[in-house]
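Residue numbers (this note's numbering), protein chains in the order written: chain A, 1211 to 1278; chain B, 11 to 703.
Below is one structure; the comments refer to it alone.
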Amino acid sequence: MPPTTITVLRACWRQLCETARLAVGVPDYGSYLRHQRERHPDAEPLSYEAFFADRLAARYARGRSRCC
Amino acid sequence: MARATTNNTLLGKLGWLAFAVAGAACLGVVALKRGEPVNAIWLVAAAVAVLTIAYRFYSRFLADTALQLDSGRATPALRRNDGLDFVPTNRWVLYGHHFAAIAGAGPLVGPVLAAQMGYLPGTLWILAGVVFAGAMQDMIILFCSTRRDGRSLGEMMRAELGNTAGTIALLGILAIMIILLAVLALVVVKALAESPWGTFTVAATIPIAIFMGVYMRWLRPGRILEASLIGLVLLFASIWAGGHVAADPQWAKAFTLDGRQLSWLLIGYGFVASVLPVWFLLAPRDYLSTFLKIGTIVVLALAIFIAQPDLQMPAVTRFIDGSGPVWSGNLFPFLFVTIACGAVSGFHALVSSGTTPKMVANEADIRMIGYGGMLMEAFVAIMALVAATALQPGIYFAMNSPAAVLGGSVEAAAQAISQWGFVVTPEMLTQTARDIGETTILSRTGGAPTLAVGMAQILNEVISGEGMMAFWYHYAILFEALFILTTIDAGTRVGRFMIQDLLGNVHAPLRHTESWAGNLFATGLCVAGWGWFLYQGVVDPLGGINTLWPLFGIANQMLAAMALIFACTVLIKMKRDRYVWVAAVPTTWLVICTLSASWLKLFSENPKIGFIANAQRFADAAARGELLAPAKSLEQMQRIAFNNYLNAGLCTLFACIVLVILFFGLRAAFAARRTSTATALETPYVAAASISA
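Printed below as a string of structure tokens:
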């Protein structure tokens, strides 16, 4: 199917959201789910809420620096 | 490879040639036009041309020839993919992440302070510095960390240069952290002192952030977009409300605080915010400031293109002789430490060896993320320079000179500034203050208010109206204060962990980050460290920034010098001796700059520059029983003398750290030269093709 303007815009918006989330330290949840499904099919993946809480803790864990 | 071939066609070459000629023409206009104002677009165009050409040619040389990025080699994100820390990430998304992590207050404040010498010296240093030192440093450290499982700079230095070098580097990082927090806190204090409007809006961010924290934790867990949008709306509402607070005599009185009160409040805030659970205040504030920061940078860029302001400041002012009121010292070496971030920033070496290397999907992306990310920061620095130099020089100097130089009234200030050769009338000073909704613009040092007036002027050209100038001014102040406060609470937290690590060597239980005793003790120590320098800056006769900013610049460049010494050593260990100059030339320059600046800060006989000379001036006067302003008692005299000796001690420490790391770097390099094989400790090669995505 040739890409329509709508699908292109939707993809752009998704990438923008992903960038904004990563800018505050929350990586893509979809990629995490895919990774869990492929590599650890037996383990129950974290829910989005638990995933968010986990990443929040990791962002401010020891040793993270930020710039001037 | 199709792209490479098209680039090499005759047409492609001619295109780049035309582009280079156009860029050179813009630079020529900026550099050579004298006597009449130059439009900012020339400067921006020249900068864009230089940065683009550097990216196209120099970063490509670095990527293909000097570092030899290997897109067939699996990155840590591929090898150790865990969906959390190690995640192969689209390079555009990662570029955004990396830029958000490196961009801070530094590139905004430094160029504003450097503007006292005119727009040309700052512009040239930002462009040359970023191309050959800053962007190169970020790229090579990202490269090294990516080849070492995303290890931090300290760990990598420990591995490649030895344990002692690693420990000393950590000590240096802690010291620069303390100075950074102090100087940024000082910028906020200077911006908010005696400004009820600014103080109210910045104070309002605390309940707003707490509301967002509760929202994301309990009401709608993990909904960053919703919470941030609500937060942004509330922020704008608080700017609007701030105007009413400032207009009401009683409310205005409650929010009018002087520097000392503000610095105590900040110290208390830093302590509490970094001890509380992060989701409550620290994280939501971080989200707000990150989005506001990126958004404002984009808006400012658009506004400069639409408003096209003229640069009112001369290309070069008489203050290149070192007699400037904003900061003291000659162009060399002090311009090169005044603009640290934006040209080259050691702090980026910490970010480039932080979370970014764990997410690089392909080694070839390092060029765009490391080198390209820093070029964007340099562009932000250029915009800050434009905003500051688009102001009337008279206004600029009124805002940035210490009260001791200007005198107490607008009349005295106008006269003092006119004697320097910049036209300004008392009415202009009063009118500007009224336009931005403040009582005065005299001695609003620290860079942030100047940038805010400059930004307000530019934004007001685009969206103007009754009272809009004041709104934009306080928007700009809020934007700067917000992310500085985020740096302060997050930085205090990082500093606390570092102190706990170091103290853990002496008394093991202090290392437990979960224990409240260790937590409170280390946080208290960290806050006391930066709080001390902050308070000393607030009571400083020259206005604090004058003293602390060069110290911060020296510290930041020292960190960059350490990172680049490490990079030189790694290149030699990789048997790339032929290309070691790419790191060795900027290293040499930075070592010369930091050491000569430290030397002058220590031993200059001019008490405005030399810490020891100034300490002796106060100590001698105290011994004679005389009082020198601003001290009001002999005890204060002794404290000022002590503080100057302390600054001298810190300066010596920085210089010694550079020299020690240089020694260890040279030792490791010579050892590597004696072996015939590569000795760099990279993680073993794994082919990317062998790992399924």
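Here a beta-carbon is modelled for each residue, glycine too, at the ideal position from N, C-alpha and C.
> With a cut-off of 9 Å, does the C-beta of A/A1253 fall near any C-beta of chain B?
Replying inline: Walking along the first sequence from the start, residue 1253 of chain A turns up at place 43. Taking Cβ atoms only, chain B never reaches closer than 9 Å to A/A1253, which makes this a no.
> Applying a beta-carbon distance threshold of less than 8 Å, which residues of chain A neighbour B/H254?
Replying inline: Within the second sequence, the letter at position 244 stands for residue 254 of chain B. The premise fails here: B/H254 is roughly 32 Å from chain A at the closest Cβ pair, so nothing lies under 8 Å.
> Bridge partners of B/V370, per DSSP?
Replying inline: The residue given as residue 370 of chain B occupies position 360 in the second sequence. B/V370 pairs with B/T99.
>> If I measure Cβ to Cβ from B/G176 and keep anything under 8 Å in the same chain, skipping five residues before and after, which residues do I get?
In response: Along the second sequence, one-based indexing puts residue 176 of chain B at 166. Taken in chain order, the residues that qualify are G164, E165, M167, R168, A169.
>> Please confirm whether B/L94 has its beta-carbon closer than 9 Å to some beta-carbon of chain A.
In response: As a first step, residue 94 of chain B is located in the second sequence; it is residue number 84 there, counting from the start. For B/L94, the nearest beta carbon of chain A is closer than 9 Å to its own beta carbon.
> alpha helix (DSSP H) containing B/S606: first to last residue?
Replying inline: The residue you call residue 606 of chain B lines up with position 596 of the second sequence. B/S606 -> alpha helix (DSSP H) spans 591 to 613.
> So B/G404 packs on B/I376, CB below 8 Å; how close in whole Å?
Replying inline: Here the question's residue 404 of chain B lines up with position 394 in the second sequence. Here the question's residue 376 of chain B lines up with position 366 in the second sequence. Not a contact, Cβ separation roughly 46 Å.
> Is it buried or exposed for B/W482, if we count other Cβ within 10 angstroms and need 16 for buried?
Replying inline: Looking up residue 482 of chain B in the second sequence gives position 472. Buried, since its Cβ has 16 or more Cβ neighbours within 10 Å.
>> At a CB distance below 8 Å, what residues from the region 285 to 314 of chain B approach chain A? Give them in sequence order.
In response: V288, W289, L292, A293, D296, Y297, T300, F301, I304
> Does any CB atom of chain A fall closer than 9 Å to the CB of B/P231?
Replying inline: To locate residue 231 of chain B, count along the second sequence from 1; it is residue 221. Yes, because at least one Cβ of chain A sits closer than 9 Å to the Cβ of B/P231.
>> Excluding the 5 residues flanking B/I379 on each side, which residues of the same chain have their C-beta closer than 6 Å to its C-beta?
In response: Your numbering for residue 379 of chain B matches position 369 in the second sequence. Only L104, Y105, H108 meet the Cβ criterion.
> Can you tell which of B/L202, B/A262, B/A593, B/L312 has the C-alpha that lies nearest to the C-alpha of B/E490?
Replying inline: What you label residue 490 of chain B is simply residue 480 of the second sequence in a count that begins at 1. B/E490 has its Cα closest to that of B/L202, out of B/L202, B/A262, B/A593, B/L312.
>> So with CB distances below 8 Å, who are the chain B contacts of A/L1219?
In response: Numbered from 1 along the first sequence, position 9 holds the residue referred to as residue 1219 of chain A. The premise fails here: A/L1219 is roughly 16 Å from chain B at the closest Cβ pair, so nothing lies under 8 Å.
>> So, at 8 Å on beta carbons, what are the nonlocal neighbours of A/W1223 in its own chain, with the 5 sequence-adjacent residues on each side left out?
In response: Looking up residue 1223 of chain A in the first sequence gives position 13. The answer is none, since no qualifying residue turns up.
> Any idea if B/D258 is buried or exposed, counting beta-carbon neighbours within 10 angstroms, 16 or more meaning buried?
Replying inline: Position 248 of the second sequence holds residue 258 of chain B. Looking at its Cβ environment, which holds fewer than 16 other Cβ atoms inside 10 Å, B/D258 is exposed.
> At a cut of 8 Å, does the region 440 to 453 of chain B reach the region 407 to 418 of chain B through at least three beta carbon pairs?
Replying inline: Enough Cβ pairs lie closer than 8 Å, so yes.
> Taking the continuous alpha helix (DSSP H) assigned at B/W26, which residues delimit it?
Replying inline: Stepping through the second sequence from its first residue, residue 26 of chain B is reached at position 16. Run containing B/W26: 20 to 42, per the alpha helix (DSSP H) assignment.
> Can you check whether the CB of B/A185 is closer than 9 Å to the CB of B/L663?
Replying inline: What you label residue 663 of chain B is simply residue 653 of the second sequence in a count that begins at 1. What you label residue 185 of chain B is simply residue 175 of the second sequence in a count that begins at 1. Taking 9 Å as the Cβ cut-off, B/L663 and B/A185 qualify as a contacting pair.
> Secondary structure at B/A697, three-state DSSP: helix, strand or coil?
Replying inline: The residue labelled residue 697 of chain B in the question sits at position 687 within the second sequence. Reduced to three states, the DSSP call for B/A697 is strand.
> What residues from chain A crowd round B/V199, counting only those whose CB sits closer than 7 Å?
Replying inline: Residue mapping note: residue 199 of chain B aligns to position 189 of the second sequence, counting from 1. Neighbours of B/V199 on chain A: none; closest Cβ ~17 Å, over 7 Å.
> Mind checking whether B/L302 and B/L488 have CB atoms under 9 Å apart?
Replying inline: Locating residue 302 of chain B in the second sequence gives position 292, counting from the first residue. Locating residue 488 of chain B in the second sequence gives position 478, counting from the first residue. Yes. Within cutoff.
>> Given this structure, state the Cα-to-Cα distance separating A/C1277 from B/T497, to the nearest angstrom.
In response: By one-based count along the first sequence, residue 1277 of chain A stands at place 67. By one-based count along the second sequence, residue 497 of chain B stands at place 487. Below a pLDDT of 50, predicted positions are generally treated as unreliable, and A/C1277, at 47, falls in that range; the measurement from the model is reported next regardless. Roughly 8 Å separates the two Cα atoms.
> Going straight from the alpha carbon of B/A41 to that of B/A325, what length do you get?
Replying inline: Indexing the second sequence from 1 puts residue 41 of chain B at position 31. Indexing the second sequence from 1 puts residue 325 of chain B at position 315. If I take the Cα positions, the gap works out to 7 Å.
> Got a sec? Which residues, its chain only, sit under 7 Å from B/M2 by beta carbon, not counting five neighbours each side?
Replying inline: What the structure shows of chain B is the stretch from 11 to 703, and residue 2 of chain B is not part of that stretch, so it cannot be assessed.
> Looking at C-alpha atoms only, which residue of B/Y68, B/G501, B/A59 is the closest neighbour of B/C36?
Replying inline: In the second sequence, the residue the question calls residue 36 of chain B occupies position 26. Of B/Y68, B/G501, B/A59, the residue nearest in Cα terms is B/A59.
> Are there 16 or more other CB atoms within 10 angstroms of the CB of B/D296, so buried, or fewer, so exposed?
Replying inline: If you number the second sequence from 1, residue 296 of chain B lands on position 286. Buried, by the Cβ-count rule.
> Which residues, in chain order, does the region 1223 to 1241 of chain A contribute to contact with chain B at a C-beta distance below 8 Å?
Replying inline: Listed in chain order, the positions of the region 1223 to 1241 of chain A with a beta carbon within less than 8 Å of a beta carbon of chain B are Q1225, C1227, E1228, T1229, A1230, R1231, L1232, A1233, V1234, G1235, V1236, P1237, D1238, S1241.
>> Ignoring anything shorter than 3 residues, give me the beta strand (DSSP E) runs that lie fully in the region 325 to 386 of chain B, in order along the chain.
In response: none
> Alpha carbon to alpha carbon, how far is B/Q567 from B/T523?
Replying inline: By one-based count along the second sequence, residue 567 of chain B stands at place 557. By one-based count along the second sequence, residue 523 of chain B stands at place 513. Rounded to the nearest whole angstrom, the CA to CA distance from B/Q567 to B/T523 is 30 Å.
>> I'd like to know whether the C-beta atoms of B/V595 and B/I575 end up nearer to each other than 9 Å.
In response: Taking the second sequence and counting its residues from 1, the one referred to as residue 595 of chain B is at position 585. Taking the second sequence and counting its residues from 1, the one referred to as residue 575 of chain B is at position 565. Cβ atoms of B/V595 and B/I575: not closer than 9 Å.
>> Using the three-state DSSP reduction, which class does B/L77 fall into: helix, strand or coil?
In response: Within the second sequence, the letter at position 67 stands for residue 77 of chain B. Three-state DSSP puts B/L77 in coil, outside helix and strand.
> What are the boundary residues of the alpha helix (DSSP H) that B/D296 is part of?
Replying inline: Your numbering for residue 296 of chain B matches position 286 in the second sequence. Note, B/D296: alpha helix (DSSP H), 292 to 317.
>> By DSSP's criteria, B/N49 is part of a beta bridge. Which residues make up the other side?
In response: For this step, residue 49 of chain B is matched to residue 39 along the second sequence. Looking at the DSSP assignment, B/N49 forms a beta bridge with B/D320.
>> Does the CB of B/M369 have a neighbour CB from chain A at under 9 Å?
In response: Position 359 of the second sequence, counting from 1, holds the residue named residue 369 of chain B. Cβ-Cβ to chain A under 9 Å: yes for B/M369.
> Mind listing which residues of the region 75 to 100 of chain B have their C-beta closer than 9 Å to chain A's C-betas, in chain order?
Replying inline: N91, D92, G93, L94, D95, V97, P98, T99, N100
> Cβ of B/G106 less than 9 Å from any chain A Cβ?
Replying inline: Position 96 of the second sequence, counting from 1, holds the residue named residue 106 of chain B. It does; some Cβ of chain A falls within 9 Å.
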